[in-house]
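**Q**
2 protein chains.
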Amino acid sequence: MSQLPEQSARTSVPTSADVARAAGVSRATVSYVLNDNTTVRISDATRRRVREAASGLGYVPHAAARSLRAGHSRMVLLPAAHLPAVPLQQRFFTDLQSDLRRLDYTVVQYGSAGLDADEAVRAWAELRPVAVVAPGGVRLTPQGISVLTRSGAKAVITLGPQPVEGAHALVLDQRGVGAGAVRHLLARGRRRIGVVMPQEAGLALFSEPRLAGALHAAETSATGARIQPLPLRYEESSAAELAARWRALGLDSVFAYDDEYAMLLMRALQDAGVEVPAETAVVGAGDLMLGRLLRPRLSTVRMELATAQPPAEMIDRLVRHPGGAPERHDLLRAETVARESS
Amino acid sequence: MSQLPEQSARTSVPTSADVARAAGVSRATVSYVLNDNTTVRISDATRRRVREAASGLGYVPHAAARSLRAGHSRMVLLPAAHLPAVPLQQRFFTDLQSDLRRLDYTVVQYGSAGLDADEAVRAWAELRPVAVVAPGGVRLTPQGISVLTRSGAKAVITLGPQPVEGAHALVLDQRGVGAGAVRHLLARGRRRIGVVMPQEAGLALFSEPRLAGALHAAETSATGARIQPLPLRYEESSAAELAARWRALGLDSVFAYDDEYAMLLMRALQDAGVEVPAETAVVGAGDLMLGRLLRPRLSTVRMELATAQPPAEMIDRLVRHPGGAPERHDLLRAETVARESS
DNA sequence: TTGAAAGCGCTACCAG
DNA sequence: CTGGTAGCGCTTTCAA
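Dropping the structure here:
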């Protein structure tokens, strides 16, 4: 219908005013109809005219304008860690996302790679999210939390190995993983236990608590067991080096951080003539398929997320009743799966 | 300073007007100072006063209001696929994200799990992104592209095995992976080649083109080689079943889709007494660490992303000069790595 | 049952 | 050098 191509090009993004004009009604009516507002009664004929005009023009409401007017958004922000997430976290996010959507939140992942902590928090705050769920690996300080809160976030929640002062916390306590592995090895009669510490950046966040759990389990066992941290890069050469001096270390078992490092190390040990499990028992973590395919089959610590209340509901509750004391929920359950390697 | 707690709570999110009041200047001046607007000259004293007032109040600008006023955003939207991304895509996204940030774009991942195609596209359009990069696994129809374009997106780009009519395309052509594997096996004298087809939802997007490439390579080789698709679930039982009827299939080699399926199948074949590579050669894809740790070491097809122009620059160019014909760029380079399993 | 108008927070004109 | 002000697209009173 437009006769001026260049004008129609400039005006090409249709607004509710365009819909109103096309339907011969006011912008208010358009808003009522498209939002199914029940407090006001509109004739069916008008409803249809508005709907047809909207779809005819390809009208899509402008989220920014809407939330500006409303004074709040329903955006839940998930700052993406710049480091590779563990598969468990990946699945957690996927589930959280669809659960939140069902509660009518808009979930947005925001990558902050290449920003320092302050810039990143500012960038998040500019989006005025109603809630922020920050995974481990994202540096969130108490003052960062304050910036977010003061910019209108009703709930700030950390997700990771340890809580942060002032925020709610979904804790994936990795200590139980290390403790589970060590208790299993102790029960098998092992007493000199190595703990692999990946040297890859970012994994320290997980490996340190696992080591701490291992140490604690050994100390409280009253067996006199010894824990020996073993730095390892995820490379064959690094594993071969470690294997070469294995006998000198005098270890009878090793918790290999996870199944992949376990596979790497087990192969190097076998190549160096160290018998698994006879001479050295090996335990991984994560219960990946590959552990079942190895020979000997890999013992592992399986991890599961157990939640009393689904995280999405918790977030919804915190958003609706903000201001309570920081909550803390432990999500991670660790369970040892004994196979042939230990 | 506020004496009414409940009022200060409601008004707690500071606006540029609050900053202006605190600094004793107008909102315009605040905007000029905080945006380092150079077309207007402001005294250093005023600048400092404004800056101090802003940080004192914890002022953070409101992105929605800003882009509403500006009439455009610099948001690049990455609809997140609901299925697990291949590691290669994961790295691609991370890199793209930081490159785009360097070009001053805001990158946002939007999870559309649980929405059908139309709803999803509408939801994206509501955010008024300046560009959309849709990975494979996200269903994007020509009419979806039109909705996005008409809502102001300057560039719509697909990323995946095959392009979509009307959008620019970053193509990860999986056919070369299958073709590379088959050519390698043909060169090794193999003629009856199985191709593993994962039965997991979502992988068909990758496995079908790989099969097509394998078929094409066999046909054009003039060797009379035969290609046999082999459905397989990522479970030990499924692999064992396949291995049990292996000899009846009469195959002398197999392209196992990727390294993980290769490990699964190779283990099952070995358990069934089928010698690798003597009786059956095995090739994976992805060049994972685990392939190097298997015995025999796994031959694989390594995949790399080779780009003439970095994707971020391409997007920036398309945003600045919209309206050109759809571009298509092939990103995937496949290269066979021969080890011991073939 | 519908329309007019105010205003969310911000920036960019134009006056002073 | 700084301030007043219009208006981005939308929703929601209040009037008609």
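In order, the protein sequence lines correspond to chains A and B.
FYI, the numbering for the first sequence is 1 to 342, going by our numbering.
FYI, the numbering for the second sequence is 343 to 684, going by our numbering.
We treat Cβ as the ideally placed atom computed from N, Cα and C, and that holds for glycine.
Tell me whether residue 422(B) sits in a helix, a strand or coil according to DSSP, three-state version.
**A** Here residue 422(B) sits in strand by DSSP.
**Q** In chain B, which residues lie less than 8 Å from residue 234(A) when you measure between Cβ atoms?
**A** Correct list: 631.
**Q** Are three or more beta carbon pairs between the stretch 176-195 of chain A and the stretch 290-298 of chain A nearer than 8 Å?
**A** No, they do not touch.
**Q** Between residue 231(A) and chain B, is there a C-beta pair that is closer than 9 Å?
**A** No, no contact with chain B.
**Q** Measuring only the C-alpha atoms, how far is residue 358(B) from residue 401(B)?
**A** The straight-line gap from Cα to Cα measures roughly 7 Å.
**Q** Applying the 10 Å Cβ sphere with the 16-neighbour rule, what's the burial state of residue 277(A)?
**A** Under this definition residue 277(A) is a buried residue.
**Q** Going along the chain, which residues of the stretch 397-416 of chain B sit with their C-beta nearer than 7 Å to a C-beta in chain A?
**A** Per Cβ criterion, the list reads 400, 402, 403, 404, 405, 406, 407, 409 and 410.
**Q** Please name the residue or residues paired with residue 414(B) in a DSSP beta bridge.
**A** According to DSSP, which records beta bridges pairwise, residue 414(B) is partnered with nothing at all.
**Q** Rounded to a whole number of angstroms, what is the C-alpha to C-alpha distance between residue 75(A) and residue 518(B)?
**A** Straight-line Cα distance between these residues: approximately 41 Å.
**Q** Quick check on this structure: which residue in 404(B), 593(B) and 573(B) has the alpha carbon closest to the alpha carbon of residue 542(B)?
**A** Checking every option, the nearest Cα to that of residue 542(B) belongs to 573(B).
**Q** What are the boundary residues of the alpha helix (DSSP H) that residue 100(A) is part of?
**A** Per DSSP, residue 100(A) belongs to the alpha helix (DSSP H) from 87-102.
**Q** Just the C-alpha distance for residue 136(A) and residue 398(B), rounded to the nearest angstrom, thanks.
**A** Going by the C-alpha atoms only, they are around 29 Å apart.
**Q** Would you mind sorting residue 67(A) into buried or exposed? The rule is 16 or more other CB atoms within 10 Å of its CB.
**A** Flag for residue 67(A) reads buried.
**Q** So residue 390(B) is in the alpha helix (DSSP H); what residue range does that whole segment cover?
**A** From DSSP, the alpha helix (DSSP H) with residue 390(B) extends over 386-399.
**Q** Can you check DSSP and say which residues form a bridge with residue 255(A)?
**A** For residue 255(A), which the question treats as bridged, DSSP gives the partners 195(A) and 283(A).
**Q** I need the straight-line Cα distance from residue 324(A) to residue 381(B), nearest angstrom please.
**A** Their backbone Cα atoms lie some 47 Å apart in a straight line.
**Q** In whole angstroms, give me the CA-to-CA distance for residue 487(B) and residue 62(A).
**A** Roughly 17 Å between the two C-alpha positions.
**Q** Does the beta-carbon distance from residue 101(A) to residue 457(B) come in below 9 Å?
**A** Cβ distance < 9 Å, so residue 101(A) and residue 457(B) count as in contact.
**Q** Determine the closest residue to residue 244(A) out of 271(A), 264(A), 229(A) and 88(A), with distance taken between C-alpha atoms.
**A** When only C-alpha atoms are compared, the closest one is 271(A).
**Q** Counting along the chain, where does the beta strand (DSSP E) carrying residue 451(B) start and finish?
**A** It spans 448-453 - the beta strand (DSSP E) in which residue 451(B) sits, taken as one unbroken run.
**Q** Specify whether the stretch 488-506 of chain B and the stretch 656-673 of chain B touch according to this definition: at least 3 beta carbon pairs, one from each stretch, less than 8 Å apart.
**A** Because the criterion of three Cβ pairs below 8 Å is met, the stretch 488-506 of chain B and the stretch 656-673 of chain B touch.
**Q** Is it buried or exposed for residue 579(B), if we count other Cβ within 10 angstroms and need 16 for buried?
**A** Residue 579(B) should be labelled exposed.
**Q** Helix, strand or coil, according to DSSP, for residue 562(B) in the structure here?
**A** In this structure, residue 562(B) counts as coil in the three-state DSSP scheme.
**Q** Going along the chain, which residues of its own chain have a beta-carbon closer than 6 Å to the beta-carbon of residue 669(B), five neighbours each way excluded?
**A** The answer, listed in chain order, is 510.
**Q** Express the C-alpha separation of residue 611(B) and residue 359(A) in angstroms, rounding to a whole number.
**A** With chain A represented from 1 up to 342, any question about residue 359(A) goes unanswered, as that position is not in the structure.
**Q** By the three-class DSSP mapping on this structure, what secondary structure does residue 502(B) have?
**A** Strand at residue 502(B).
**Q** So which residues of chain B does residue 101(A) contact, with C-beta pairs closer than 8 Å?
**A** The answer, in chain order, is 453, 455, 456 and 457.
**Q** In the DSSP output, which residue or residues are listed as bridge partners for residue 649(B)?
**A** Note: residue 649(B) sits in no beta bridge, so no partner.
**Q** In chain order, what residues of the stretch 289-309 of chain A put their CB closer than 9 Å to some CB of chain B?
**A** So the list reads 289, 290, 292, 293, 294 and 295, given in the order they occur along the chain.
**Q** Give a yes or no on whether 9 Å exceeds the smallest Cβ distance from residue 122(A) to chain B.
**A** Taking Cβ atoms only, chain B reaches closer than 9 Å to residue 122(A), which makes this a yes.
**Q** Under 9 Å between the Cβ atoms of residue 96(A) and residue 78(A)?
**A** It is a contact, given that the beta carbons lie within the stated cut-off.
**Q** Assuming the contact rule is C-beta atoms closer than 8 Å, residue 414(B) and residue 472(B) should be a hit. Round their C-beta distance to whole Å, please.
**A** About 6 Å separates the two Cβ atoms, so the contact holds.
**Q** Identify, in the order they occur along the chain, each residue of the same chain with its Cβ nearer than 6 Å to the Cβ of residue 407(B), setting aside the five sequence neighbours on each side.
**A** Here the set comprises nothing.
**Q** Are residue 178(A) and residue 215(A) close, meaning C-beta to C-beta below 9 Å?
**A** Yes, the Cβ-Cβ distance between residue 178(A) and residue 215(A) is below 9 Å.
**Q** Are residue 257(A) and residue 197(A) close, meaning C-beta to C-beta below 9 Å?
**A** Going by C-beta atoms, residue 257(A) is nearer than 9 Å to residue 197(A).
**Q** Around the C-beta of residue 149(A), are 16 or more other C-beta atoms found within 10 angstroms, so that it is buried, or is it exposed?
**A** Residue 149(A) comes out buried.
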